[in-house]
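Inspection log for the structure reproduced underneath, given as structure tokens.
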Amino acid sequence: QGVGGAVQYPKNYLKQAYKLVRERGGICIADEVQTGFGRTGSHFWGFQGHDVIPDMVTMAKGIGNGFP
């Protein structure tokens, strides 16, 4: 949960993880519930700050802004 804080990935960690997953035939999914919609400040999506493009993006609660 966001209440417990967050851990910042080391530089290039996510890029390497995406590469390994794809080399083995997997798909990369970015869960943007806590980091999407401009919450990281410099980008609309959190993954944009890590120079990766996911195959799928989830955004759940953030898109409704608390409604319903």
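Position in the sequence shown (from 1) plus 616 gives the number in our numbering. Note that CB positions come from ideal geometry on N, CA and C, so glycine has one too.
The stretch 619-629 makes no contact with the stretch 642-649: fewer than 3 CB pairs, one atom from each, lie closer than 8 Å. In terms of Cα proximity to VAL649, the closest of GLN624, TRP661, ARG640 and LEU636 is TRP661. Cβ atoms of VAL668 and LEU630 come within 8 Å of each other, at about 5 Å.
At a Cβ-Cβ threshold of 9 Å, PHE663 and THR674 do not count as neighbours. Rounded to the nearest whole angstrom, the CA to CA distance from GLY657 to HIS666 is 14 Å.
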